[in-house]
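K.L.:
The structure follows.
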Amino acid sequence: MTWIVKTTQFDLDTCGSFSVVNITEQVRDFVRSSGVGEGQALVFYKHTTGAVLVGEHEAGIIADWQDMFEQISPLNRPYLHHFKAVDFNGYAHLRSALLTVSVTIPVVGGDLALGTYQDILVIDDQSDPANRKVIVQVMGL
Amino acid sequence: MTWIVKTTQFDLDTCGSFSVVNITEQVRDFVRSSGVGEGQALVFYKHTTGAVLVGEHEAGIIADWQDMFEQISPLNRPYLHHFKAVDFNGYAHLRSALLTVSVTIPVVGGDLALGTYQDILVIDDQSDPANRKVIVQVMGL
Amino acid sequence: MTWIVKTTQFDLDTCGSFSVVNITEQVRDFVRSSGVGEGQALVFYKHTTGAVLVGEHEAGIIADWQDMFEQISPLNRPYLHHFKAVDFNGYAHLRSALLTVSVTIPVVGGDLALGTYQDILVIDDQSDPANRKVIVQVMGL
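Residue numbers (this note's numbering), protein chains in the order written: chain H, -13 to 127; chain G, -13 to 127; chain R, -13 to 127.
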């Protein structure tokens, strides 16, 4: 029995504007090939205009999330960030804070211990298409 | 000094409808019996209609959380999820995303390093009573 | 190669009222001196009226976050918590739940693997100035 830590980085080309990328299978492949039987998988989004979310990957739910955020943090409000910075993505910084950029999933029996309806979703809400980096790190025995 | 990882699963029968179950003592017992002196306890809710939350277990606060979510994501909105799926829990998928299904708590001196008012709460917001699985995993030295 | 776990606690004197304290450099120093090359840094806020957030430390964004929370969970609502407890910080318990008290950041190459615009921010939203404890724990190889 050896303790293992393995790290990788995914490069995702997203369309921004609340793009949802389901990375469950990629994370699962990495976990399965890591040699870790029991431990944790950390998924970390390296930007400030999106999030990592464990939830159900269903088109209706995704549209409902967008509707909710359009109520809480609409695209076209004159955010103070716009006056202080060079970009127009104030809404995305609000949504990223309400969601989170870091999620840890248990690894059991050499596999992700996700529930039946749980997927690992990267939400990218930048105002334009962008290349996004997500770190995945598996640690355990 | 040996590195340890120990995993268990709690089965909770909840009433749904924003049921709050305080699992602090169960998690604490597991941490204390794990043999880990310094490390981390991961608490992971295996569903998409609820959350794990570290917060104060006080009846007024719980009612205030419900009021807030009834503003943000009311029970009776015609969510798109309802037209695409066979269930009527669209609100719960919104709340689960705003909260989170995964929380990590430091273990120090063989015990949970929680603050005075912090409890580990499972919130289940399914539309009906349900059996819910929560994974608790302790890792460390 | 030795497995390491190192824990420290930061004491922060904050002004409450949505104080934002940027602890990135302090966490980075702790990570660099820990001897961990590859692993994870856990940042855990030990209170129920604030949060830890990985986001951009920019004055406009901070003001936008405050505006958003003043919409969702205004300071002056007659929260039920106020009738059941001895304090008047109901809004802060709502915001703490929407954010989170626990964030894990990957450590790669002996350093925090943060993105260009990511900082580690402690938000303290108590109604009065307060001393706040934040646990930082580094674990890995």
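Beta carbons are placed, not taken as given, at the ideal position from N, Cα and C, and that holds for glycine.
The structure displayed is predicted, hence computed values, not measured ones.
1) How big is the Cα-Cα spacing for H:L84 and R:T(-12)?
2) Would you verify that the beta carbon of H:G25 is, or is not, closer than 8 Å to some beta carbon of chain R?
3) Would you give the residue range spanned by the beta strand (DSSP E) that G:A37 belongs to?
4) Is R:L107 closer than 8 Å to R:G41 when the C-beta atoms are compared?
5) Can R:I9 and R:V120 be called in contact, C-beta distance under 8 Å?
6) Say yes only if the C-beta of H:P115 is nearer than 7 Å to one or more non-hydrogen atoms of the ligand COA, and no if none qualify.
7) Helix, strand or coil, according to DSSP, for R:A71 in the structure here?
8) Please tell me whether H:M125 has its Cβ less than 8 Å away from any Cβ of chain R.
9) Expressed to the nearest angstrom, what Euclidean distance is found between the alpha-carbon atoms of H:I47 and H:F55?
10) Using 10 angstroms around the beta-carbon of R:T102, count the other beta-carbons present and answer buried if the total reaches 16, otherwise exposed.
11) Along the segment 53 to 72 of chain R, what residues have a CB closer than 8 Å to any CB found in chain G?
12) Taking buried to mean at least 16 other C-beta atoms within 10 Å of its own C-beta, is G:F30 buried or exposed?
13) Grouping DSSP H, G and I as helix and E and B as strand, with all else coil, what is R:A83?
14) Along the chain, where does the alpha helix (DSSP H) that runs through G:D111 open and close?
15) Below 7 Å CB to CB, which residues in the same chain sit around G:G25 once its five sequence neighbours on both sides are set aside?
16) For G:G36, which residues in chain R fall below 8 Å Cβ to Cβ?
17) Following the continuous beta strand (DSSP E) through R:F30, name the residue where it begins and the one where it ends.
18) Can you tell me where the beta strand (DSSP E) with R:A116 in it begins and where it stops?
19) Please state whether DSSP places G:Q(-5) in a helix, a strand or coil.
20) Compare the beta carbon distance of G:I109 and G:F16 with 8 Å and say whether it is the shorter of the two.
21) Taking only beta-carbon positions, decide if H:F16 is within less than 8 Å of chain R.
22) Go to H:I91, then tell me how far its beta strand (DSSP E) extends in each direction, as first and last residue.
23) Where H:D50 and H:D111 are concerned, what is the direct C-alpha to C-alpha distance, given to the nearest angstrom?
24) Tell me which same chain residues have a C-beta within less than 7 Å of the C-beta of R:G150, skipping the five on either side of it?
25) Would you say R:I9 lies against chain H (beta-carbon separation less than 8 Å)?
26) Alpha carbon to alpha carbon, what distance is there between H:L80 and G:D(-1)?
27) Compile a chain-ordered list of the residues in the segment 85 to 100 of chain H whose CB is closer than 7 Å to at least one CB of chain R.
28) Please work out which residues of its chain come closer than 6 Å, Cβ to Cβ, to G:I91, disregarding the five sequence neighbours upstream and downstream, and give them in chain order.
29) Quick check: what's the CA-CA separation for R:F74 versus H:Q(-5)?
30) Within 8 Å (strictly less), CB to CB, does R:A83 reach chain G?
31) One question on the structure: do G:A32 and H:Q104 come within less than 8 Å of each other, judged by their Cβ atoms?
32) Quick one: grab the DSSP three-state call for H:T102.
P.N.:
Once the coordinates are examined:
1) In the first sequence, the residue the question calls residue 84 of chain H occupies position 98. In the third sequence, the residue the question calls residue -12 of chain R occupies position 2. When rounded, the distance between both Cα atoms is 37 Å.
2) By one-based count along the first sequence, residue 25 of chain H stands at place 39. Cβ-Cβ to chain R under 8 Å: no for H:G25.
3) Position 51 of the second sequence holds residue 37 of chain G. G36 to G41 is the span of the beta strand (DSSP E), which, as asked, contains G:A37.
4) Start at 1 with the first residue of the third sequence, and residue 41 of chain R comes out as number 55. Start at 1 with the first residue of the third sequence, and residue 107 of chain R comes out as number 121. Yes, they are a contact pair.
5) Numbered from its first residue, the third sequence carries residue 9 of chain R at position 23. Numbered from its first residue, the third sequence carries residue 120 of chain R at position 134. Result yes, Cβ atoms of R:I9 and R:V120 sit closer than 8 Å.
6) By its list of ligands, the structure shown contains no ligand whatsoever, and the ligand COA lies outside what it can speak to.
7) On the third sequence, residue 71 of chain R is found 85 positions in, with the first residue counted as 1. Three-state DSSP puts R:A71 in coil, outside helix and strand.
8) Looking up residue 125 of chain H in the first sequence gives position 139. H:M125 counts as touching chain R.
9) Position 61 of the first sequence, counted from the first residue, corresponds to residue 47 of chain H. Position 69 of the first sequence, counted from the first residue, corresponds to residue 55 of chain H. Going from the Cα of H:I47 to the Cα of H:F55 covers about 12 Å.
10) Residue numbering aside, residue 102 of chain R sits at position 116 when the third sequence is read from its first letter. Per the 10 Å Cβ criterion, exposed.
11) I58, S59, Y65, L66, H67, H68, F69, K70 and A71
12) The residue you call residue 30 of chain G lines up with position 44 of the second sequence. Counting Cβ neighbours within 10 Å, G:F30 comes out buried, since at least 16 surround it.
13) Numbered from 1 along the third sequence, position 97 holds the residue referred to as residue 83 of chain R. The answer is helix: DSSP assigns R:A83 an H, G or I state.
14) Residue mapping note: residue 111 of chain G aligns to position 125 of the second sequence, counting from 1. G:D111 -> no alpha helix (DSSP H), and no H or E assigned at all.
15) As a first step, residue 25 of chain G is located in the second sequence; it is residue number 39 there, counting from the start. Hits under 7 Å: V93, V124, M125, G126 and L127.
16) One-based indexing of the second sequence puts residue 36 of chain G at position 50. Those within 8 Å of G:G36 in chain R number zero; the least Cβ separation is about 13 Å.
17) Numbered from its first residue, the third sequence carries residue 30 of chain R at position 44. Segment G25 to Y31, the beta strand (DSSP E) holding R:F30.
18) For the purposes of this step, residue 116 of chain R is taken as residue 130 along the third sequence, with counting starting at 1. Residues A116 to G126.
19) Here residue -5 of chain G refers to the residue found at position 9 when the second sequence is read from its first residue. Looking at G:Q(-5) - three-state DSSP - the assignment turns out to be strand.
20) Translated into positions along the second sequence, residue 109 of chain G becomes position 123. Translated into positions along the second sequence, residue 16 of chain G becomes position 30. No, they are not a contact pair.
21) For the purposes of this step, residue 16 of chain H is taken as residue 30 along the first sequence, with counting starting at 1. It does not: the Cβ of H:F16 has no partner Cβ on chain R nearer than 8 Å.
22) As a working mapping, residue 91 of chain H is identified with position 105 in the first sequence. Per DSSP, H:I91 belongs to the beta strand (DSSP E) from S88 to V94.
23) Reading the first sequence from its first residue, position 64 is the one you call residue 50 of chain H. Reading the first sequence from its first residue, position 125 is the one you call residue 111 of chain H. Approximately 15 Å between the Cα atoms of the pair.
24) Lying before the first or after the last residue shown, residue 150 of chain R is absent from chain R, which here runs from -13 to 127.
25) Taking the first residue of the third sequence as 1, we reach residue 9 of chain R at position 23. So no, R:I9 is outside the interface.
26) The sequence position of residue -1 of chain G within the second sequence is 13, counting from 1. The sequence position of residue 80 of chain H within the first sequence is 94, counting from 1. So the two alpha carbons sit approximately 35 Å from each other.
27) T86, V87, S88 and T90
28) Residue mapping note: residue 91 of chain G aligns to position 105 of the second sequence, counting from 1. Closer than 6 Å at the Cβ level, and outside the excluded window around G:I91, lie A27 and L98.
29) Start at 1 with the first residue of the third sequence, and residue 74 of chain R comes out as number 88. Start at 1 with the first residue of the first sequence, and residue -5 of chain H comes out as number 9. Using only the alpha carbons, I get a separation of about 44 Å.
30) The count along the third sequence starts at 1 and reaches residue 83 of chain R at position 97. Answer yes: the Cβ-Cβ gap between R:A83 and chain G drops below 8 Å somewhere.
31) Working through the second sequence from its first residue, we reach residue 32 of chain G at position 46. Working through the first sequence from its first residue, we reach residue 104 of chain H at position 118. Residue 32 of chain G is actually Lys in this sequence, not Ala. For G:K32 and H:Q104, yes; Cβs fall inside 8 Å.
32) Walking along the first sequence from the start, residue 102 of chain H turns up at place 116. The answer is coil: DSSP assigns H:T102 none of H, G, I, E or B.
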